[in-house]
Amino acid sequence: MTFELVTIATEADNYNYLLHTEDKTVLVDAPPGVDPIMEALVQRGWGLDEIWITHHDWDHIDGVDIMRERFGARVRGFRGDAHRLPELDVAHDDGDSFDFAGFAVTVMHVPGHTEGHVAYYVPQANVVFTADTLMALGCGKTPESGLHQMYHSVTRLGALPPETVICSGHEYTLANGKFALTIEPDNPDLIERIAGAKQTRATGKPTVPTTLDLELRTNPYLRVGLQSVKDALNMSDASDEAVFVEVRRRKNSF
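The sequence shown: position 200 = 200 (UniProt numbering), numbered continuously.
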């Protein structure tokens, strides 16, 4: 089976994704400013069969009904947060699996940024849509759930195969990288990645998607189990979770 993944810049710093197979297309989240998404679909001659919602924030759902009405797309989301989402055609629980054009898709409940945040993992395509949970060189804020929930969610995503493509929801890479250097200033992979990201942004291109392998080598939230990181934070004997909480606490005030 073949597929095409399209990254679309929307809103101020949002990214949305189209996953297209031979005859079907899905959109992950829909911001209020849907014109770039419409243009991408029209240019390629694609329809829109489904919309997968990751969480309830306005910049991820306010365009859902517009896209549904225009294309007749079926909408999927998390059952536990259905009361805060646009009307769902299909409500999912954690661990649910469904078929999309021959691809098996697993719904992963990954709270932290919001209580009802989910990710969509498509193993046959080696891609996971993580929105505001696991991000390029970072993780999302935790206004609803908490740092402990975010730790478990990020750790769960970090256990996927290293070749998995990480499709996150915002262009935060350079800001996250600047902070990451305060944790591991001598990490050569991190230094190289930030230099590359600067060049990418200078040309107006997105720094996402990324790969889990690259995140494991550079993202401080996925490196909290390393003794070198614990020593640098003066937390040599602390648990991985405690180190994660401290790293995110520092980022909140950075």
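Backbone N, C-alpha and C define an ideal beta-carbon position, used for all residues, glycine too.
| task | Quick one: measure Cβ to Cβ for residue 56 and residue 84, integer angstroms, because I've assumed they're closer than 8 Å. | result | 4 Å
| request: Answer yes if the segment 107 to 119 comes into contact with the segment 27 to 37, meaning at least three C-beta pairs across the two stretches below 8 Å, and no otherwise. | output: no
| field | Bounding residues of the alpha helix (DSSP H) (the contiguous stretch that carries residue 90) | value | Premise fails: residue 90 lies in the beta strand (DSSP E), 90 to 92, not in any alpha helix (DSSP H).
| said: Just to confirm before moving on: does the CB-CB distance between residue 166 and residue 128 stay below 8 Å? | reply: yes
| query | With a CB to CB cut of under 8 Å and the five nearest residues on each side skipped, what residues in its chain are close to residue 89? | reply | 74, 75 and 76
| message | My assumption, with CB atoms under 8 Å, is that residue 100 sits in contact with residue 22. Please give the rounded CB distance. | response | About 12 Å; that fails the 8 Å criterion.
| task | Have a look at the DSSP bridge pairing and note the partners of residue 134. | result | 139
| From residue 59 to residue 131, what distance separates their C-alpha atoms? | 11 Å
| field | Three CB pairs or more closer than 8 Å across the segment 204 to 222 and the segment 177 to 187 | value | yes
| Sufficient close CB pairs (3 or more, under 8 Å) joining the segment 138 to 149 to the segment 114 to 129 | yes
| task | Throw me the rounded Cβ distance for the residue 317 and residue 98 pair, which I believe falls under 8 Å. | result | Look at the range of the chain in this structure, 1 to 254, and you will see that residue 317 is not part of it.
| request: Starting from residue 107, follow the beta strand (DSSP E) in both directions and report where the run begins and ends. | output: 103 to 109
| Helix, strand or coil at residue 58 [DSSP, three-state] | helix
| For residue 205, which of 6, 2 and 1 has the nearest alpha-carbon? | 6
| Proximity to residue 118 [Cα-Cα], best of 231, 239 and 54 | 54
| beta strand (DSSP E) runs wholly inside the segment 138 to 167, at least 3 long, in chain order | none
| query | CB-CB under 6 Å to residue 245, same chain, minus the five flanking residues each way: which ones, in chain order? | reply | 147
| Cβ of residue 150 within 8 Å of Cβ of residue 248? | yes
| task | With a threshold of 16 other CB atoms inside 10 Å of the CB of residue 202, please say whether the residue is buried or exposed. | result | exposed
| query | So, residue 257 versus residue 207, is the Cβ gap smaller than 8 Å? | reply | Since the first residue shown for the chain is 1 and the last is 254, residue 257 is missing from the structure and cannot be characterised.
| query | Is residue 1 buried or exposed, if buried means 16 or more other CB atoms sit within 10 Å of its CB? | reply | exposed
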